[in-house]
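K.L.:
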Amino acid sequence: MNLLPKSSKEFGSVDYWEKFFQQRGKKSFEWYGTYLELCEVLHKYIKPREKLLVIGCGNSELSEQLYDVGYQDIVNIDISEVVIKQMKERNASRRPHMSFLKMDMTQMEFPDAAFQVVLDKGTLDAVLTDEEEQTLQRVDRMLAEVGRVLQVGGRYLCISLAQAHILKKAVGHFSREGWMVRVHQVASSQDQVSEAEPRFSLPVFAFVMTKFRPVPGSALQIFELCTQEQGKPVRLESADGLAEAVRERQHYAWLCSQLRRKAGLGSVSLDLCSGDTGEPRYTLHVVDNPTVKPSRDSHFAIFIIPQGRETEWLFGMDEGRKQLAASAGFRRLVTVALHRGQRYDGMESIQAELSTRVMELAPAGMPPQQQVPFLSVGGDIGVRTVQHQDHSALSGDYVIEDVQGEDRWYFRRLIFLSNRNVVQSEARLLKEVSHRAQKKRKKDRKKQRPADASEDVPLAPGQSIDKSYLCCEHHKAMIAGLALLRNPELLLETPLALLVVGLGGGSLPLFVHDHFPKSRVDAVEIDPSMLEVATRWFGFSQSDRMKVHIADGLAYITSLAGGEARPHYDVIMFDVDSKDPTLGMSCPPPAFVDQLFLQKVKSILSREGIFILNLVCRDVELKDSVLAGLKAAFPLLYVRRIEGEVNEILFCQLQPEQKRATPELLEMAQALERTLRKPGQGWDDTYVLSDMLKTVKIV
Numbered sequence: 011m012n013l014l015p016k017s018s019k020e021f022g023s024v025d026y027w028e029k030f031f032q033q034r035g036k037k038s039f040e041w042y043g044t045y046l047e048l049c050e051v052l053h054k055y056i057k058p059r060e061k062l063l064v065i066g067c068g069n070s071e072l073s074e075q076l077y078d079v080g081y082q083d084i085v086n087i088d089i090s091e092v093v094i095k096q097m098k099e100r101n102a103s104r105r106p107h108m109s110f111l112k113m114d115m116t117q118m119e120f121p122d123a124a125f126q127v128v129l130d131k132g133t134l135d136a137v138l139t140d141e142e143e144q145t146l147q148r149v150d151r152m153l154a155e156v157g158r159v160l161q162v163g164g165r166y167l168c169i170s171l172a173q174a175h176i177l178k179k180a181v182g183h184f185s186r187e188g189w190m191v192r193v194h195q196v197a198s199s200q201d202q203v204s205e206a207e208p209r210f211s212l213p214v215f216a217f218v219m220t221k222f223r224p225v226p227g228s229a230l231q232i233f234e235l236c237t238q239e240q241g242k243p244v245r246l247e248s249a250d251g252l253a254e255a256v257r258e259r260q261h262y263a264w265l266c267s268q269l270r271r272k273a274g275l276g277s278v279s280l281d282l283c284s285g286d287t288g289e290p291r292y293t294l295h296v297v298d299n300p301t302v303k304p305s306r307d308s309h310f311a312i313f314i315i316p317q318g319r320e321t322e323w324l325f326g327m328d329e330g331r332k333q334l335a336a337s338a339g340f341r342r343l344v345t346v347a348l349h350r351g352q353r354y355d356g357m358e359s360i361q362a363e364l365s366t367r368v369m370e371l372a373p374a375g376m377p378p379q380q381q382v383p384f385l386s387v388g389g390d391i392g393v394r395t396v397q398h399q400d401h402s403a404l405s406g407d408y409v410i411e412d413v414q415g416e417d418r419w420y421f422r423r424l425i426f427l428s429n430r431n432v433v434q435s436e437a438r439l440l441k442e443v444s445h446r447a448q449k450k451r452k453k454d455r456k457k458q459r460p461a462d463a464s465e466d467v468p469l470a471p472g473q474s475i476d477k478s479y480l481c482c483e484h485h486k487a488m489i490a491g492l493a494l495l496r497n498p499e500l501l502l503e504t505p506l507a508l509l510v511v512g513l514g515g516g517s518l519p520l521f522v523h524d525h526f527p528k529s530r531v532d533a534v535e536i537d538p539s540m541l542e543v544a545t546r547w548f549g550f551s552q553s554d555r556m557k558v559h560i561a562d563g564l565a566y567i568t569s570l571a572g573g574e575a576r577p578h579y580d581v582i583m584f585d586v587d588s589k590d591p592t593l594g595m596s597c598p599p600p601a602f603v604d605q606l607f608l609q610k611v612k613s614i615l616s617r618e619g620i621f622i623l624n625l626v627c628r629d630v631e632l633k634d635s636v637l638a639g640l641k642a643a644f645p646l647l648y649v650r651r652i653e654g655e656v657n658e659i660l661f662c663q664l665q666p667e668q669k670r671a672t673p674e675l676l677e678m679a680q681a682l683e684r685t686l687r688k689p690g691q692g693w694d695d696t697y698v699l700s701d702m703l704k705t706v707k708i709v
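Mapping of the sequence shown onto this note's numbering: residues 11 to 709, in sequence order.
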């Protein structure tokens with residue numbers, strides 16, 4: 011029998027509730043949770059000897075159960091004569107000191123300050139069905155009466171779904187009256203609830219409004235949120251901030267209910283925040299794999315991503331996570347990324363912290379009491395050492411961190427915190443530095459330092475950088491593009507002139523400078539902080555062959571193109587990011603591929619030179635437009651897509667007759683690599699230049 015109303019407006023109707031309780035009979039109705047679900051919050055805010063008024067009591071067993079555990083000074087009121095008669099008959103002999111009165115809560119007959127607690131289980135939700143003037147006036151009378159009958163220091167304890175209009179009304183009313191406002195999320199046990207009873211996918215909240223004595227001229231307002239997994243309330247600055255926090259909890263509950271019911275919701279991600287600070291502590295991605303056949307041990311697993319490796323393709327991209335889930339062999343895999351700035355004491359402590367929360371994301375059909383495995387790479391949580399944090403006026407907050415990668419190598423990274431999942435610059439540390447760091451970590455493991463404390467890995471000056479190693483695949487492709495120059499086998503003896511726009515950690519111009527001894531490099535960087543970062547942390551240094559110009563790349567090239575002694579570079583490289591995250595193209599900024607500006611770039615490029623551009627563009631139409639513009643300025647255009655990334659490297663030349671077929675390109679790359687691999691010259695054996703050009707296509 012469906013007893014829920016067809017329209018929410020029926021909640022405010024006396025006739026509806028009379029009919030409801032006649033149909034329901036003597037069976038209690040606990041639609042916002044049972045006593046067992048609510049008792050924790052009730053006992054927290056109601057003392058046994060306090061005088062308690064329950065408004066809109068209905069035929070709920072809540073008052074009876076409170077009475078039976080020692081709360082015996084209870085008065086219940088309801089607008090329905092039918093239910094009051096039922097409750098009197100049910101409790102006359104067993105609970106003689108508890109009273110039931112037919113009364114309109116908007117016109118209560120009690121004297122002022124008669125109660126220490128007013129308990130409302132769903133009544134405000136039932137009355138506040140819309141925001142029409144008549145409804146709001148009735149709610150105002152109800153809340154005013156609640157305030158009147160409560161003593162100073164008393165609490166209005168309202169169990170509610172906290173829908174936006176209800177939260178706004180309740181919080182607004184009592185905060186204006188100078189009351190303390192706290193919203194407490196109620197723990198749910200929906201998995202044990204019979205599906206025959208109507209339930210809600212939204213979580214249940216308790217509004218705890220504490221009456222303060224009015225202070226003339228005081229504008230103090232107190233807003234707090236207490237979530238179900240923590241006892242300590244979090245102070246919020248405004249009613250809007252409280253409403254936003256409640257919305258986040260509701261969205262999470264809705265998401266969990268959807269994940270329990272079905273799989274294949276697409277890309278699902280969420281942050282779990284620290285209860286003390288509100289800062290993100292874990293980022294979770296839920297990946298469903300419908301190809302896995304159900305079995306007792308294949309339902310669900312948690313994968314802890316080692317610190318610092320969350321930006322890798324396998325962990326940081328949707329396609330990578332799908333591949334990880336497929337290889338793990340579970341119907342649902344939840345990947346967990348650990349945030350910098352948070353302390354983690356090891357895999358066991360993380361598992362204990364996450365166990366309850368991640369079970370809310372388990373798939374439908376998983377057997378009860380099923381053990382859920384926690385997986386990782388190598389069985390540990392990795393190492394992330396924050397070496398330096400600072401602020402740039404142009405780039406915002408940034409961090410320099412050392413992380414442990416594959417084969418126990420350590421890597422130094424520059425991260426802009428405005429885009430914390432993107433590695434801006436990266437360099438590998440020399441093996442002996444990595445080895446010392448690893449030994450020191452083992453020695454200090456028992457001291458339980460924060461996982462990102464700077465003591466774990468010693469501060470390493472510039473000489474600790476492995477300058478022969480290019481970490482970024484797009485940098486490797488850009489260097490391989492030098493094979494497109496004429497006579498690549500002679501480049502080490504050729505006085506190459508290069509212009510690199512975008513310094514970052516300096517690894518790209520530094521690699522050119524160190525491996526092409528006759529080269530002359532001009533690097534342009536708009537942010538002076540980046541020159542300091544590159545010099546102090548990434549082993550970069552200027553010389554008579556390499557100069558850094560602190561300038562806007564647009565203005566610098568415009569000045570060169572308009573000068574009387576116009577230079578002609580053999581190679582021009584653009585590796586510059588956009589500071590505007592709203593654009594569909596994050597590298598380079600759109601102005602760098604404007605047709606008029608490309609003509610200026612063209613004017614300072616030698617006739618047989620090459621213009622190499624790192625393009626990161628997710629907007630397909632915008633990318634097609636960029637390629638068309640480049641093709642108009644440079645008749646010969648090659649494109650090399652970086653596998654597993656959005657990056658595409660564009661090689662632009664002025665002479666169509668310089669066009670090379672793939673076999674010839676590979677021969678030129680091999681010739682250049684043989685030259686670069688000369689004895690005494692540091693070279694990364696995993697870096698094969700010809701591999702970088704195998705998939706090059708001509709536009």
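Ideal Cβ placement from N, Cα and C applies to all residues, glycine included.
Taking just the CA atoms, how far does S435 sit from D281?
P.N.:
Looking at the two C-alpha atoms, the distance is approximately 25 Å.
K.L.:
Does DSSP put A123 in a helix, in a strand, or in coil?
P.N.:
If DSSP states are grouped into helix, strand and coil, A123 belongs with coil.
K.L.:
Is it the case that the Cβ atoms of Q161 and F125 are separated by a distance below 8 Å?
P.N.:
Against a cut-off of 8 Å, the Cβ pair of F125 and Q161 comes out as a contact.
K.L.:
So, V344 versus L324, is the Cβ gap smaller than 8 Å?
P.N.:
Taking 8 Å as the Cβ cut-off, V344 and L324 do not qualify as a contacting pair.
K.L.:
Measure the C-alpha to C-alpha separation of V720 and G318 and round it to an integer number of angstroms.
P.N.:
In this structure the chain extends from 11 to 709, so residue 720 is not present and cannot be described.
K.L.:
Taking the alpha-carbon of I475 as reference, which of D407, R438, G227 and E499 has the nearest alpha-carbon?
P.N.:
For I475, the nearest C-alpha among the options comes from R438.
K.L.:
Taking the CB atoms as reference points, tell me whether V159 and L63 lie closer together than 8 Å.
P.N.:
Taking 8 Å as the Cβ cut-off, V159 and L63 qualify as a contacting pair.
K.L.:
My output table needs one value for S308: the three-state DSSP class, helix, strand or coil.
P.N.:
S308 falls in the coil class under three-state DSSP.
K.L.:
Name the DSSP beta bridge partners of V344, please?
P.N.:
V344 pairs with V296 and I312.
K.L.:
What are the uninterrupted segments assigned as alpha helix (DSSP H) that are 4 or more residues long and contained completely in the segment 53-139, given in chain order?
P.N.:
72-78, 91-101 and 133-137, all fully within the segment 53-139.
K.L.:
Report yes if the C-beta distance between K112 and I84 is below 8 Å; otherwise report no.
P.N.:
Contact: no.
K.L.:
If you count every other CB in all the chains shown that lies within 10 Å of the CB of E143, and 16 or more means buried, which is it?
P.N.:
That one is exposed.
K.L.:
Once the 5 residues before and after L212 are set aside, which same chain residues still bring their CB inside 8 Å of it?
P.N.:
Same-chain partners within the cutoff: L171, A172, Q173, Q260, A263 and W264.
K.L.:
Restricting to Cα atoms, I'd like to know which of V149, G43 and K704 is closest to P715.
P.N.:
This structure cannot settle anything about residue 715, because the visible part of the chain is limited to 11 through 709.
K.L.:
What's the C-alpha gap between A575 and E655?
P.N.:
Answer to the nearest angstrom: the Cα atoms are 40 Å apart.
K.L.:
Look at the alpha carbon of T504 and the alpha carbon of R496, and state the distance between them as a whole number of angstroms.
P.N.:
Straight-line Cα distance between these residues: approximately 11 Å.
K.L.:
Count the other CB atoms, across all protein chains shown, that sit within 10 Å of the CB of H523; report buried if there are 16 or more and exposed otherwise.
P.N.:
So H523 counts as buried.
K.L.:
Sort T395, Q195 and L480 by Cα distance to W693 and report the nearest one.
P.N.:
Ranking the options by Cα distance to W693, first place goes to L480.
K.L.:
Give a yes or no on contact between the segment 358-369 and the segment 241-261, applying the rule of three or more CB pairs nearer than 8 Å.
P.N.:
Output reads no: the segment 241-261 does not touch the segment 358-369.
K.L.:
Grouping DSSP H, G and I as helix and E and B as strand, with all else coil, what is D695?
P.N.:
Three-state DSSP puts D695 in coil, outside helix and strand.
K.L.:
Considering just the uninterrupted stretch of the beta strand (DSSP E) at M152, what are its terminal residues?
P.N.:
Premise fails: M152 lies in the alpha helix (DSSP H), E143 to V159, not in any beta strand (DSSP E).
K.L.:
How do the segment 103-111 and the segment 39-55 stand: do at least 3 beta-carbon pairs fall below 8 Å, yes or no?
P.N.:
The segment 103-111 is not in contact with the segment 39-55.
K.L.:
Taking the straight line between their C-alpha atoms, what separation do you get for E119 and Q147?
P.N.:
C-alpha separation (whole angstroms): 19 Å.
K.L.:
Work out the CA separation of V244 and K557 for me, nearest whole Å.
P.N.:
Distance between the alpha carbons of K557 and V244 is about 52 Å.
K.L.:
Taking only beta-carbon positions, decide if L153 is within less than 8 Å of chain B.
P.N.:
In the structure shown, chain B does not exist; there is a single protein chain.
K.L.:
Relative to the alpha-carbon of V611, which residue among D587, L509 and E653 has its alpha-carbon at the smallest distance?
P.N.:
Selected option, being the one with the closest Cα: L509.
K.L.:
From V302 to Q381, what does the alpha carbon distance come to, in whole angstroms?
P.N.:
Spanning the two alpha carbons is a distance of roughly 18 Å.
K.L.:
Give the range of the alpha helix (DSSP H) segment to which M357 is assigned.
P.N.:
Residues M357 to M369.
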